[in-house]
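Quick mapping for you: the protein sequence lines, in order, are chains A and B. My numbering puts the first residue of the first sequence at 1, with every later residue one more than the last. My numbering puts the first residue of the second sequence at 116, with every later residue one more than the last. In this text, a Cβ means the ideal position worked out from N, Cα and C, and glycines have one as well. Step one of this worksheet: look at the structure below.
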Amino acid sequence: DTAVSQTPKYLVTQMGNDKSIKCEQNLGHDTMYWYKQDSKKFLKIMFSYNNKELIINETVPNRFSPKSPDKAHLNLHINSLELGDSAVYFCASSHIHRRENSPLHFGNGTRLTVT
Amino acid sequence: DAKTTQPPSMDCAEGRAANLPCNHSTISGNEYVYWYRQIHSQGPQYIIHGLKNNETNEMASLIITEDRKSSTLILPHATLRDTAVYYCIVRGANPGSARQLTFGSGTQLTVLP
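So this is what it looks like as structure tokens:
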């Protein structure tokens with residue numbers, strides 16, 4: 001009964017390849033996020049979708065393209081992978097249309113290693 | 116966006132209370148204080164949040180100063196499983212406030228046996 005699930009858990013690939021990470025939430029939330037955690041452990045927000053609409057797009061290379069087929073899914077596609085893309089990527093969800101934002105629920109991360 | 120300042124690390128003896136401070140002196144009136152923790156190799160986990168009143172749940176208590184410029188997360192009886200990085204963030208209620216959810220470096224709490 002995992003609330004926010006990401007696949008795969010580990011992803012090892014070579015430079016220049018294209019890869020995707022999938023995320024699904026079964027909490028009924030209307031907003032989903034992608035975060036990147038680098039080697040220094042900072043968690044930086046990359047994208048946020050609210051009801052399938054992109055609401056946050058931080059300074060991220062356009063090689064990264066999020067896709068939200070429905071409210072429960074937010075996938076991350078990365079083109080032409082580079083060494084600096086190696087990190088742990090976390091998906092999260094919350095409910096945003098309330099007087100106060102509900103807390104974020106995170107998945108357990110996808111560790112991407114680019115060689 | 117309000118920024119937060121936390122000590123990089125703290126130790127606590129098992130069974131004792133762990134008090135984790137956070138400064139957020141630029142917090143605005145409609146911004147909430149949230150606490151999360153990240154146990155090694157897992158995703159961040161929500162702990163508690165509050166606006167101006169003290170809050171308590173099954174995991175922890177949150178004490179917010181009257182001027183709201185700082186807060187303290189209290190784990191009343193720390194266990195070894197509470198060893199984690201604890202993040203304090205502040206965030207408003209509007210959709211764009213999700214930008215504030217970039218986490219800083221947090222406090223590494225180590226619970227010692």
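Taking 9 Å as the threshold, the shortest C-beta distance from residue 17 of chain A to chain B does not fall below it. Taking the CA atoms as reference points, residue 103 of chain A sits about 20 Å from residue 155 of chain B. Close CB contacts of residue 67 of chain A within its chain, under the 7 Å cut and outside five residues either way in sequence, are with 75, 77 (chain order).
Under the 8 Å Cβ criterion, the segment 180-194 of chain B counts as touching the segment 135-143 of chain B, having at least three qualifying pairs.
Counting only runs that start and end inside the segment 27-72 of chain A, the beta strand (DSSP E) elements of at least 3 residues fall at 31-37, 43-50, 53-57, 64-70. Listed in chain order, the beta strand (DSSP E) elements of length 3 or more contained wholly in the segment 134-209 of chain B are 147-153, 160-165, 176-179, 185-190, 199-206. Think of a sphere of 9 Å around the beta carbon of residue 200 of chain B: the chain A residues whose beta carbon falls inside it are 41, in chain order. Close to chain A, meaning a Cβ-Cβ distance shorter than 9 Å, is no residue of the segment 169-192 of chain B at all.
Taking the Cα positions, residue 55 of chain A is about 20 Å away from residue 107 of chain A. The Cβ neighbour count for residue 89 of chain A, taken over all protein chains shown within 10 Å, is at least 16; the residue is labelled buried. Taking C-beta atoms as the reference points, residue 109 of chain A and residue 6 of chain A count as a pair closer than 9 Å.
Each residue's CA atom was taken as its position, placing residue 216 of chain B and residue 205 of chain B some 8 Å apart.
Counting the other CB atoms within 10 Å of its CB gives residue 159 of chain B a total of 16 or more, which places it among the buried residues. Assignment of beta-bridge partners to residue 125 of chain B by DSSP yields B:224.
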